Structure formats: structure tokens, C-alpha cells
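Numbering follows the numbering used here, in which position 12 of the sequence shown is assigned residue number 12; successive positions increment by one, without gaps.
Think of the CB as a built atom: it goes at the ideal place given N, C-alpha and C, for glycine as much as any other residue.
Predicted model, so just to flag it, every value in this text is computed and none were measured.
Worksheet: one structure, shown below.
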Amino acid sequence: MTEYGTLSVRHLTSIAELDRKDVDTIFALAKRVKAERYTFPKPLANQRLMLLFEKESLRTRVTFDVAMQDLGGSAIYIDQQDVRLGAREALKDVARNLSRWCHGIVARTYRHRTVLDLAKHAEIPVINGLTDFLHPCQGLTDFFTMTEVFGSVEGRTFAYVGDGNNTCHSLIHCAALLGCHIRVAGPEGYEPNSKVVNHAMRIAKETGSEVSILEDPQQAVDGADAVYTDVWASMGQEEETEERAERFSPYRVDSELMAAAKPGAIFLHCLPAHRGAEVTSDVIDSDCSKVLQNAENRLHVQKAILLLLMGQNPLG
Ligand code: CP
Ligand code: NVA
């Protein structure tokens, strides 16, 4: 499917593996499939996408399934109860079996290593649908939405307020690559992974982005073009919910914090949101909130990713 362009990678496990041209290619194709939502051809006819999910999902599961159907193919979903990745049989055997029946895999796992091992052994493209470490489809979509709103994100300022988690890591990767300044504010002990930050700082030197890790949410949001937050306790951290609620309460995105951003600034969240915790209802339901546009864009961006990766599939 080279008519849509090609990517420098066979799998999408991390935005850190993509180059600027890859992201431009994904965004250009996402824009096209969005504009041609009901008229786009069905180039993935007869292709099957395996959705292997160890964790819950609404958006990722539904958007990949709808994307496959819209593009002429179909998706098969297996959850943790059935797959028990690495427990019932070796991951290598799961990857090699699936490669004989399917044309792509989307995996949502606890350990990031699981997605990397699937990619290592699969003969078909593997897409990271969220791990404890990264959420690349989300990060790409968030910046696609930013480009829709602002035209270009270069030189804009993106404020992430809250936990230095999987979503935050992918946002840092994407911001640095696209030359967007990113300020992350969270409590001590919940900062983003230092390897992610150091990698982004190296990339940022070439792209003109500035990456700042702060503690003060006001300082992060001051004059920002976009304010982003995510849940305080991610999937797998449910036991820490109370402790985190206490530590993160100064980081709630409310209208007062939004007022510190640039006039016309937008609010984004990957969703699911915990209203009244990391974001207040008045902010998430306000005109500046682009969360639904962003959720819709998961569909378009992932269609582009599927077209670009499955087009390189030797079995496809
Ligand atoms: N944002 C996101 O990935 O949502 P789900 O967990 O519902 O897939
Ligand atoms: N950080 C969140 C993202 C959910 C889409 C989690 O991992 O649960």
C-alpha cells in the first residue's frame, strides 16, 4: 500500500522510533481518511487485525475495530482471560501462530517488554495499544488534534499536568519530535521516566523544542496553548488510588488553572476521565475542551497507521 506512503518502522511500539517524516506521513493520511470517512476505498479487504488486550479499553478497542471495518477488513478481540500472554504458552508461539492467521496485532499489555517481544517474534506488524510505559497511538492522536486546532504545533507550548505516566511519556516523545515546547508538572516522585526525558531533550536540541519538568502546575500552564491531564492512578495502580488522590489534588485542572493558560487555550485528556479528580466537569465540558474531537481522531490516526503498516505486510 505504498500509494499512501511508507514508514521507517515495521511496528509501532514507540514514537521514539519514528522520525519527523513518519509523523508527517501519518498525519497527512489521517487527514485524508477523516475527510473521506465514508468514501475512502477498502484497501484492507480480507485483512484481519488481532486485538490482544490484557487491560480494559473503550476507545482503543472500538476505534481499531471500526477502522478495520471501514477499511474493508475485520478485527478479532481476545482479552486477558483467554490469552494469558506468556502464561498459557510462550509469547513467541503466540506471535508466530497469530502471524499465520492475521495481518496485524494491536496489543495492550502491562509490561512494555511484552509488546516488544511480540514485535520481535511476529511476522506481522505489531501496534502498541498502551503499555505501562507508553501510549503512542494516543500521543500521535493528541498532536494530530493539536495540528487541526493550531495549524502547526511548532513553537507552541503544551502543558501536561499530573502523573508522569504512559500517556505523558508518549506526549513528551511527540512534542520533542514536532518542535513543540512541553512542560510537565507533577508531584515529586511521580515525574516522567528520566530516559524518556533525556531522549526527548536530545531530540529537542535539533527541533527547537523545550522540555521542562516542573512541580508547580501554575508555572507549567502559564501562557500555554494546550493543557492536558490524565488519570492519577493508571490501570494496574488501582491500589494506590487513595494515596495518589491526596498527592495529586493540587494538580487538578479546574477553571482557575485553565485561566493561567493563553486566551483560547484548549484542554485535552486521553479519556477515560475521572470528573472531579484530575479535571473538573466545567473544564471538560467547556468550549475549550477538545476531548471528543480527540477521541474521534483516534479512529482516523489509527486508520492511517493500519494502512501504512499493513501495506508493508509480506502476507498482505
Ligand atoms: N484513551 C484510551 O486509550 O482509551 P481506552 O483506555 O478506553 O482505550
Ligand atoms: N494512563 C492511563 C491511560 C488510559 C488510556 C492508564 O494507563 O490507565
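Considering just the uninterrupted stretch of the alpha helix (DSSP H) at residue i, what are its terminal residues?
i, result
"N128", "Run containing N128: none in the alpha helix (DSSP H); it sits in the beta strand (DSSP E), 126-128."
"F40", "Note, F40: premise wrong, no alpha helix (DSSP H); not H, not E."
"R183", "Element bounds for R183: not the alpha helix (DSSP H) but the beta strand (DSSP E), 181-185."
"A30", "20-35"
"S281", "281-284"
"P263", "First-last for P263: undefined, no H or E at that position."
"Q293", "291-310"
"Q219", "217-221"
Just to confirm the assignment, what range does the beta strand (DSSP E) spanning residue i have?
i, result
"V106", "104-108"
"R111", "Counting along the chain, R111 falls outside any beta strand (DSSP E), and DSSP gives it neither H nor E."
"L51", "48-53"
"F158", "157-161"
"L214", "211-214"
When we look at the beta-carbon of residue i and count the other beta-carbons within 10 Å, is it buried (16 or more) or exposed?
i, result
"G164", "buried"
"K120", "exposed"
"N97", "exposed"
"W232", "buried"
"P263", "exposed"
"A28", "exposed"
"K42", "exposed"
"S289", "buried"
"G186", "buried"
"N297", "buried"
"N46", "exposed"
"L58", "exposed"
"A261", "buried"
"A265", "buried"
"T241", "exposed"
"D225", "buried"
"G152", "Gly is not the amino acid found at residue 152; the sequence shown has Ser there. Its Cβ having fewer than 16 others within 10 Å, S152 is exposed."
"R88", "exposed"
"S281", "exposed"
"R202", "exposed"
"A317", "Outside the modelled stretch of the chain, which goes from 1 to 316, sits residue 317, for which no answer is possible."
Under the assumption that residue i contacts residue j (Cβ atoms under 8 Å), give the Cβ distance between them as a whole number of angstroms.
i, j, result
"I305", "I127", "6 Å"
"A175", "S209", "6 Å"
"L12", "L44", "Wrong, their Cβ atoms sit about 16 Å apart, outside the cutoff."
"G139", "S170", "3 Å"
"L177", "R20", "6 Å"
"T131", "L268", "T131 to L268, Cβ: 21 Å. No contact."
"V291", "S255", "Not quite, the Cβ-Cβ distance comes to about 16 Å (not below 8 Å), so this is no contact."
"Q219", "A67", "The Cβ separation is near 39 Å, so there is no contact."
"T60", "R113", "Not quite, the Cβ-Cβ distance comes to about 19 Å (not below 8 Å), so this is no contact."
"H300", "V33", "5 Å"
"R247", "L214", "Going by Cβ atoms, the distance from R247 to L214 rounds to 16 Å, so no, they are not a contact pair."
"T6", "L308", "7 Å"
"D24", "V9", "Not quite, the Cβ-Cβ distance comes to about 14 Å (not below 8 Å), so this is no contact."
"P250", "P217", "7 Å"
"C168", "D230", "7 Å"
Mind checking whether the beta-carbon of residue i lies closer than 7 Å to any heavy atom of ligand 4?
i, result
"V253", "This structure does not include ligand 4; its bound ligands are ligand 1 and ligand 2."
Mapping DSSP to helix, strand and coil, what is residue i?
i, result
"A87", "coil"
"V9", "coil"
"H169", "helix"
"H121", "helix"
"A245", "helix"
"A226", "strand"
"L268", "strand"
"R252", "coil"
"L71", "coil"
"D132", "coil"
"Y190", "coil"
"A277", "coil"
"D82", "helix"
"V62", "helix"
"G316", "Residue confidence for G316 is low, a pLDDT of 41 falling below 50, so the modelled location carries little weight; the figure read from the coordinates is stated next. Three-state DSSP puts G316 in coil, outside helix and strand."
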